[in-house]
Amino acid sequence: MVKFPDTPTFAGYNEPMRFEADLVDLEVEGEVPADMNGAFFHVRPDPHYPPKFGDDIYFGGDGAVSAFYFDHGRVHFKHRYVRTDKYVAEEKAGEALFGAYRNPLGDDESVKGKYRGTANTNVLVHGGKLWALKEDSPPVLMDPWTLETEGYTDLDGKLTAQTFTAHPKIDPKTGQMIAFSYAAKGLCTASIAYIEIAPDGTLEREVYLEPPYYSMIHDFAVTEDYVVFPVLPVIGSWQRLEAGLPHFGYDPNKEMYLGVMPRGGDAKDVRWFSAPACFNAHVLNAFNEGQNVHIDLPVGQSNGMPFFPDVTGAPFNPETAAPMMIRWTVDMGSNSDGFEQSAPIAPIPGELPRIDDRYAMHPYRHGWYHTADPTKPVDLPSTPADIGLFFVNTLVHQDFMTGAPQTYWGGPDIVFQEMQFVPKSKDAPEGEGWLLALANHGNSRRTDLLIFDPLRLAEGPQTTISLPFMLRSGVHGNWAPAENMPTT
Ligand code: V55
Ligand code: FE
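Counted the way our numbering counts, the sequence shown spans residues 51 to 538.
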């Protein structure tokens with residue numbers, strides 16, 4: 051029997067949606083630019099079955115991929131669950147077979163040894179395939195047009211790492227995918243693999259290195275010449291899993307580390323730089339000036355994920371956790387094992403940072419991110435605290451040259467999802483194009499895809515593309531220009 055628990059993760063605003071859909075010609079208010087051709091992919095955790103043990107965290111939900119196909123002013127839509135090994139086995143059984151988030155100890159005997167991944171964190175087109183990613187498993191490949199799942203890939207037997215990040219970067223100059231794996235040698239192992247994948251999807255290089263301790267390495271930083279692995283004290287261990295604790299916990303008494311490696315290097319070239327504990331989830335951008343490596347990212351001074359509780363028992367503190375954009379600078383030419391941390395480089399706190407991806411790994415001017423403005427009224431079926439990380443009512447554009455932000459508040463019943471910058475053309479100036487944002491109407495349970503002028507966010511959306519249902523609050527997505535989509 052399918053009955054979801056009455057807990058904040060599964061009730062109210064967060065109720066699972068569990069549908070699949072095909073819609074031709076979405077309803078549009080305003081104009082869809084005729085020269086905006088390609089597809090916008092986005093993924094969300096949307097549990098197909100109630101959790102095996104009464105409750106679980108939001109990150110445990112099955113990946114459901116949404117695709118908006120932009121075709122000369124028309125927009126078509128497709129929505130499919132990723133047929134992970136987990137999804138397929140559970141659908142056959144009619145119930146959850148896998149236990150808690152990243153704890154295999156509670157799994158049903160029938161699924162022991164199967165990939166536990168949900169492919170629920172990021173989707174992007176590379177080498178003609180749609181990659182659906184969850185950092186605890188290898189990539190899942192899908193067909194970008196039909197959203198049919200091909201399944202897990204080891205990249206022709208070349209990928210030996212057991213997991214694959216949800217945050218690979220595409221090098222705008224070479225077209226390579228730069229990726230990594232943590233827990234690369236198995237669950238809770240202090241092992242990282244650095245991975246380079248050619249534009250056609252062939253694995254070119256896999257280099258192993260060892261961090262100071264096992265931690266959640268959700269994102270990383272890449273510049274033209276260096277790669278940076280942030281080891282933050284979001285720790286995990288088999289002991290925690292045996293004790294039935296959440297996989298991860300935040301240890302404020304541990305040092306954090308940055309592992310910096312030249313992109314052509316290997317383990318012997320890695321240098322570790324350290325500082326007192328702090329929290330980060332995502333990287334905005336990074337670039338190097340000679341041996342000075344700059345990493346721009348939202349950083350909190352205490353734990354940012356209350357569902358991975360502080361190991362000291364300290365309660366979640368939203369004030370100290372507020373992520374502020376700062377710049378870390380590592381000097382690979384110095385003998386120091388420390389690094390510089392700047393004052394905030396933007397006045398508004400926030401997360402889910404995006405850039406004009408053509409400027410990834412290089413100096414850049416513009417950033418876009420989310421914030422939860424606490425001064426605004428809220429009219430939603432759940433409290434902001436129960437919606438948690440996914441409660442976002444305001445979009446931010448930050449011009450790092452002038453220092454000025456622009457914001458757009460959606461309204462009391464709106465929850466936004468991650469934004470996406472789409473360049474007007476291949477060689478348009480930075481920031482010139484369109485900004486996509488999914489806006490959930492939390493009461494009527496419908497989602498709009500809004501199109502903004504990225505540099506005039508405060509003016510509000512110029513176009514509203516409407517779905518007759520809601521896409522459960524999701525994680526990440528990416529735009530695939532028409533020329534990156536496989537020919538049909
Ligand atoms: C994150 C998201 C995840 C996960 C680990 O945003 C980290 C960070 C949606 O799943 O499993
Ligand atoms: Fe992420």
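Think of the CB as a built atom: it goes at the ideal place given N, C-alpha and C, for glycine as much as any other residue.
- With at least 16 other beta carbons inside 10 angstroms of its own, Gly-527 counts as buried.
- Residue environment analysis places Val-52 among the exposed positions, since fewer than 16 neighbouring C-beta atoms fall within 10 angstroms of its C-beta.
- In this model, Arg-255 and Gln-212 are separated by some 15 Å (Cα to Cα).
- Taking all protein chains in view, the Cβ of Trp-529 is crowded by 16 or more other Cβ atoms within 10 Å, so the residue is classified as buried.
- Here DSSP, grouped into helix, strand and coil, assigns Arg-313 to coil.
- Taking 7 Å as the cut-off, one finds at least one heavy atom of the ligand FE near enough to the beta carbon of His-217.
- In the three-state reduction of the DSSP assignment, Pro-280 falls in the strand class, which pools E and B.
- The beta carbon of Ala-271 sits no closer than 7 Å to any heavy atom of the ligand FE.
- Assignment of Lys-179 by DSSP, reduced to helix, strand and coil, places it in the strand class.
- With a beta-carbon spacing of about 7 Å, Phe-270 and Val-277 fall inside the 8 Å limit used to define contacts.
- Under the three-state reduction of DSSP output, Trp-195 falls in the coil class, being neither helix nor strand.
- When Cβ pairs closer than 8 Å are counted between the two stretches, the stretch 195-204 is seen not to touch the stretch 372-390, the count staying below three.
- For the set Ile-515, Asp-407, His-420, Gly-492, the Cα lying nearest the Cα of Ser-475 is the one of Asp-407.
- By the criterion of a C-beta distance shorter than 7 Å, Glu-77 is surrounded in its chain by Ser-516, once the five residues flanking it on both sides are discounted.
- Residue side-chain check: Ala-150 keeps its Cβ at 7 Å or more from all non-hydrogen atoms of the ligand V55.
- For Pro-95, the enclosing beta strand (DSSP E) has its first and last residue at 88-95.
- In this chain, the alpha helix (DSSP H) harbouring Glu-369 covers 368-371.
- According to DSSP, Pro-348 shares a beta bridge with Met-375.
- Closest by C-alpha distance to Pro-368, out of Glu-339, Met-355, Tyr-263, is Met-355.
- Arg-321 carries a strand assignment under DSSP once its states are collapsed to helix, strand and coil.
- Looking at the DSSP output, Ala-336 bridges to Ile-345.
- Membership of Lys-128 in the beta strand (DSSP E) is indicated by the continuous run 124-131.
- With a cutoff of 8 Å on beta-carbon distance, Glu-65 and His-98 are scored as not near each other.
- In the assembly as shown, Pro-394 is an exposed residue. Its beta-carbon has fewer than 16 other beta-carbons within 10 Å.
- Under the DSSP definition of a beta bridge, Thr-215 lacks any partner.
- Relative to the ligand V55, the beta carbon of Met-67 is positioned no closer than 7 Å to any heavy atom.
- At least one heavy atom of the ligand V55 is found less than 7 Å from the C-beta of Glu-185.
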